[in-house]
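Mapping to numbering that gives the first Met the number 0: the sequence shown position 228 is 227, numbers consecutive.
All residues carry an ideal CB built from backbone N, CA and C; glycine is no exception.
Everything on this sheet refers to the single structure shown next.
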Amino acid sequence: MTDFDVVTGAFSYSGAAIAAELRAAGRPVRTLTGHPGRAPADGGIEVRPLDFTDPAGLTASLRGAGTLYNTYWVRFAHGGVDHPVAVARSRMLLQAAAEAGVRRIVHVSITNPSADSPYPYFRGKAAVEQALRDLGVSYAVLRPAVLFGGHGVLINNIAWLLRRLPVFAVGGTGEYRIRPIHVADLARLAVRAGGSAATETIDAVGPERPTFLDLVRTVRAAVGSHSRIVRVPGTLIPPAARVLGVALRDTLLTMDEYRGMADGLADTEGPATGDTALSQWISEHESTLGRVYANELTRHFR
Numbered sequence: 000m001t002d003f004d005v006v007t008g009a010f011s012y013s014g015a016a017i018a019a020e021l022r023a024a025g026r027p028v029r030t031l032t033g034h035p036g037r038a039p040a041d042g043g044i045e046v047r048p049l050d051f052t053d054p055a056g057l058t059a060s061l062r063g064a065g066t067l068y069n070t071y072w073v074r075f076a077h078g079g080v081d082h083p084v085a086v087a088r089s090r091m092l093l094q095a096a097a098e099a100g101v102r103r104i105v106h107v108s109i110t111n112p113s114a115d116s117p118y119p120y121f122r123g124k125a126a127v128e129q130a131l132r133d134l135g136v137s138y139a140v141l142r143p144a145v146l147f148g149g150h151g152v153l154i155n156n157i158a159w160l161l162r163r164l165p166v167f168a169v170g171g172t173g174e175y176r177i178r179p180i181h182v183a184d185l186a187r188l189a190v191r192a193g194g195s196a197a198t199e200t201i202d203a204v205g206p207e208r209p210t211f212l213d214l215v216r217t218v219r220a221a222v223g224s225h226s227r228i229v230r231v232p233g234t235l236i237p238p239a240a241r242v243l244g245v246a247l248r249d250t251l252l253t254m255d256e257y258r259g260m261a262d263g264l265a266d267t268e269g270p271a272t273g274d275t276a277l278s279q280w281i282s283e284h285e286s287t288l289g290r291v292y293a294n295e296l297t298r299h300f301r
């Protein structure tokens, strides 16, 4: 197989959207994945293992690729894999790409990464971006905040909770903003960046910047919920999420995720780079949104 692109996690969420966009453009796609059993029946994507115990195998799987679209990361620590481990693995993957002669890397990061961040997620993302800059390979970095569309988790699970709980708690004032982008818009940005030679860092954000409180109100109205929205001290949100998580066998929200959002790290003030408006999308999907709970642990670890 020659003249192909590699996508990490092409059977997951953002990776699946990027792989679909590449295939629609006529590009052969190979994936490095930890979930080979999710390969589509049509066999349209070549599957190789994302095995961090085999650096030579990673290099071999990347040899001959034109562009690597890297979506690998971990949302939270689980099963011995935390953010420092994810950084080390990301460096290994990037080094394998360089040794394999990959011409360009498009890397999915996060809004507002910082080496000085108090949050391991954002520190880790900054460390991976630095490793990419040091690599000497042509690259682009995309920085999304919150993704929606497809089988996304956050908006769907807010709707799921609003459909079922008599009370929905919002931490603090709820006036902190988020800047969501549709996953298909992110995929289009990624493929466009893959076809460019420019070194660039792009905030991958949509046209709307709702406060979190307004987002919850919008979802509540769309799904016809009668749940009462209440503001509570922010310190109560993570323990409440843990209690719900035990019942659902999932991790709904970590302390760092809540604090990062409350600190404004899921927001940017620059121009929109995605076209899809979250409010319109919610309206169009009101009948199905939140009907089925999206379990993060089941998707990635079970």
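Under the assumption that residue i contacts residue j (Cβ atoms under 8 Å), give the Cβ distance between them as a whole number of angstroms.
i	j	result
Y71	G8	6 Å
I236	L252	7 Å
Y68	V127	No, Y68 and V127 are not in contact; Cβ-Cβ is about 14 Å, not under 8 Å.
Return the CA-CA distance between residue i and residue j, expressed in angstroms with no decimal places.
i	j	result
L164	S226	6 Å
T210	E174	5 Å
G303	D202	Absent from the structure is residue 303, since the part of the chain shown begins at 0 and ends at 301.
Y12	A158	19 Å
V215	P179	14 Å
T275	R26	24 Å
R191	P232	42 Å
I177	D53	38 Å
L57	G65	15 Å
I88	F51	Per the sequence presented here, residue 88 reads as Arg, with Ile not at that position. Approximately 6 Å between the Cα atoms of the pair.
Taking the alpha helix (DSSP H) that residue i belongs to, which residues open and close that run?
i	result
F211	211-222
L131	119-132
E111	As written in the sequence, residue 111 is Asn, which differs from the Glu given in the question. First-last for N111: undefined, no H or E at that position.
I236	236-247
H82	82-99
R74	That residue, R74, is in no alpha helix (DSSP H); it is neither H nor E in DSSP.
Let me confirm a value: residue i is counted as buried when at least 16 other C-beta atoms fall within 10 Å, else exposed. Which label applies?
i	result
V291	exposed
P143	buried
H82	buried
T267	buried
E199	exposed
P238	exposed
Could you pull the start and end residues of the beta strand (DSSP E) that residue i belongs to?
i	result
E45	44-48
E199	199-203
A64	64-69
Can you list, in chain order, the stretches of the alpha helix (DSSP H) that have 4 or more residues and sit fully within the stretch 3-41? Those alpha helix (DSSP H) runs which fall completely within the stretch 3-41 and span 4+ residues are 13-23.
Starting from the N-terminal side, write out each stretch of the alpha helix (DSSP H) that is 4 residues or longer and does not extend beyond the stretch 120-195. 153-163, 182-193
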